[in-house]
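Novice: My structure is below; once you've seen it, I'll send some questions.
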Amino acid sequence: MKLVTWWRSLNTRIRVSIFMLFFLALLSAIAPFLTPFHSDQMGTGQTLLGPTWKHPFGIDSMGRDQFSRVTEGIRLSAFIGFTVMSTSLLVGIPVGILSAYKGGLLDSLFSRVLDLLFAFPNLLLALVFVTILGSGSWTALLALVIIYIPIASRFIRSAALAEKDRDYVSAAKVNGASTFRICARHILPNIAPSLLVLGTNIFAFAILAEAALSYLGVGAKPPTPSLGKILTENQGFITTSSHLVIIPAITLSFLVLSLNLLGDGLRDYLDPKKSNSRHKKSLLQVLSRKKSVAGKVVD
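Residues 1 to 299, numbered by full-length UniProt numbering, are exactly what the sequence shown covers, in order.
The structure is reproduced here in structure tokens:
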């Protein structure tokens, strides 16, 4: 009953995004049991074959089953996105909160370093790092982590700055609470809703950035089936076998769209102003129902 009540309290965007993410997770999880073909197995059938029951997404120019490759690409994108998101938050939370709370020279130095990094586009920085470290999935992952840690830290610093002068923080200082206790027990819980939205955004942007790096040829190496790599391998057949490009492109868009919807939905759901209006609306609905029932009883 509580689960049903909680589900009904969610807005439409969160519900739709949960269904979309669940569908992708289920598809990528059961894909190895639905097809006998490995993602890099050649000669599985006629080259450039369109979608069939045996090959739902068709066969590419090298005779590889596209269903196996696309579903493995989903798993790779999800792994990279989740790793970049979790690492960025794990490093950015203590750095951002401590910089905002302490201020002074530490905060000034931190801000200047961030200003220097944000002077360059994210994808350009990723290309520079990958060029220095060498191409591959792991180097692309490392490059994205290096890029998104400052982004997360700056966002968290801004959120913590808005909380550091609140009354509850001043009260904790008067009571003799340590810096760690104030940051961990007071500031962090109050910025947690913003961190959830930030995490979903980093997840989505990291997936797009990895796909872009693979599309440019500096991300995943063959035979690793990244969604960006699948697009660049099949772009020459877009006029003759368009399904080889359309299906992975739709899959990538579907994945990123679901995460963006989740982030937007969480932002609205966790907004105190909208939450209060939602509760007022539900209360008015209950009162109107009671009045209608009372009217019927009187009649």
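No residue lacks a Cβ here, since even glycine has one placed at the ideal position from N, Cα and C.
Out of F120, S111, N201, L124, state which residue places its alpha-carbon closest to the alpha-carbon of R157.
Specialist: Reading the sequence shown from its first residue, position 157 is the one you call residue 157. Nearest option by C-alpha distance: S111.
Novice: State yes or no: is the C-beta of F203 within less than 7 Å of the C-beta of M20?
Specialist: Taking the sequence shown and counting its residues from 1, one reaches residue 203 at position 203. Taking the sequence shown and counting its residues from 1, one reaches residue 20 at position 20. In this structure, M20 does not lie closer than 7 Å to F203 by Cβ.
Novice: Does the pairing of the region 195-213 with the region 249-256 give three or more beta-carbon distances under 8 Å?
Specialist: yes
Novice: Can you tell me which residues form a DSSP beta bridge with I59?
Specialist: Residue 59 sits at position 59 when you count from the first residue of the sequence shown. Answer is D65, bridged to I59.
Novice: Just confirm the distance between the C-beta atoms of A220 and L76, as a whole number of angstroms; I'd bet it's less than 8 Å.
Specialist: The count along the sequence shown starts at 1 and reaches residue 220 at position 220. The count along the sequence shown starts at 1 and reaches residue 76 at position 76. Correct: roughly 7 Å between the Cβ atoms.
Novice: Does DSSP put T251 in a helix, a strand or coil?
Specialist: For the purposes of this step, residue 251 is taken as residue 251 along the sequence shown, with counting starting at 1. In this structure, T251 counts as helix in the three-state DSSP scheme.
Novice: Expressed to the nearest angstrom, what Euclidean distance is found between the alpha-carbon atoms of G92 and P225?
Specialist: If you number the sequence shown from 1, residue 92 lands on position 92. If you number the sequence shown from 1, residue 225 lands on position 225. If you take the alpha carbons of G92 and P225, they lie about 30 Å apart.
Novice: Between which two residues does the alpha helix (DSSP H) carrying D271 extend?
Specialist: In the sequence shown, residue 271 corresponds to position 271, counting from 1. Neither: D271 is in no alpha helix (DSSP H) and is coded neither H nor E.
Novice: Enumerate in chain order the residues of its own chain whose CB-to-CB distance from F62 is below 6 Å, with the five nearest sequence positions on each side excluded.
Specialist: Looking up residue 62 in the sequence shown gives position 62. Just to set this straight, residue 62 is Met in the shown sequence, not Phe. Once the five neighbours on either side are set aside, the close Cβ partners of M62 are M42.
Novice: Compute the beta-carbon to beta-carbon distance between R69 and S39, rounded to the nearest angstrom, for a pair I have assumed lies under 8 Å.
Specialist: Here residue 69 corresponds to residue number 69 of the sequence shown, with the count starting at 1. Here residue 39 corresponds to residue number 39 of the sequence shown, with the count starting at 1. The pair is a contact, with the Cβ atoms about 5 Å apart (cut-off 8 Å).
Novice: Who are the Cβ neighbours of S11 in its own chain at under 8 Å, not counting the five residues just before and after it?
Specialist: The residue labelled residue 11 in the question sits at position 11 within the sequence shown. A small fix is needed here, since residue 11 is Asn in this sequence, not Ser. The residues are G265, D268, Y269.
Novice: From which residue to which residue does the alpha helix (DSSP H) around K221 run?
Specialist: Here residue 221 is taken as the residue at index 221 of the sequence shown, counted from 1. That residue, K221, is in no alpha helix (DSSP H); it is neither H nor E in DSSP.
Novice: Can you tell me whether N175 is buried or exposed, with buried defined as 16 or more other CB within 10 angstroms of its CB?
Specialist: Here residue 175 refers to the residue found at position 175 when the sequence shown is read from its first residue. When all chains shown are included, N175 counts as exposed.
Novice: Secondary structure at P94, three-state DSSP: helix, strand or coil?
Specialist: Residue 94 sits at position 94 when you count from the first residue of the sequence shown. Helix.
Novice: Would you mind reading off the limits of the alpha helix (DSSP H) that contains S9?
Specialist: Numbered from 1 along the sequence shown, position 9 holds the residue referred to as residue 9. 2-9 is the extent of the alpha helix (DSSP H) around S9.
Novice: Count the other CB atoms, across all protein chains shown, that sit within 10 Å of the CB of I132; report buried if there are 16 or more and exposed otherwise.
Specialist: By one-based count along the sequence shown, residue 132 stands at place 132. In summary, I132 is exposed, with fewer than 16 beta-carbon neighbours lying within 10 Å of its beta-carbon over all protein chains present.
Novice: Please classify G134: does DSSP put it in a helix, a strand, or coil?
Specialist: The residue given as residue 134 occupies position 134 in the sequence shown. Here G134 sits in coil by DSSP.
Novice: Pick helix, strand or coil for M20, following the three-state DSSP scheme.
Specialist: As a working note, residue 20 is residue 20 in the sequence shown. Correct three-state label for M20: helix.
Novice: With DSSP as the reference, label F205 as helix, strand or coil.
Specialist: By one-based count along the sequence shown, residue 205 stands at place 205. Three-state DSSP puts F205 in a helix.
Novice: So the alpha helix (DSSP H) S170 belongs to, where does it begin and stop?
Specialist: The sequence position of residue 170 within the sequence shown is 170, counting from 1. Its alpha helix (DSSP H) spans residues 167-174.
Novice: Check for me: the alpha helix (DSSP H) holding residue 300 runs from which residue to which?
Specialist: The question about residue 300 has no answer here: the residues shown for the chain are numbered 1 through 299.
Novice: From F79 to G103, what does the alpha carbon distance come to, in whole angstroms?
Specialist: Within the sequence shown, the letter at position 79 stands for residue 79. Within the sequence shown, the letter at position 103 stands for residue 103. About 35 Å.
Novice: In three-state DSSP terms, what is E163?
Specialist: Position 163 of the sequence shown, counted from the start, is the residue given in the question as residue 163. Residue state, collapsed to three classes: coil.
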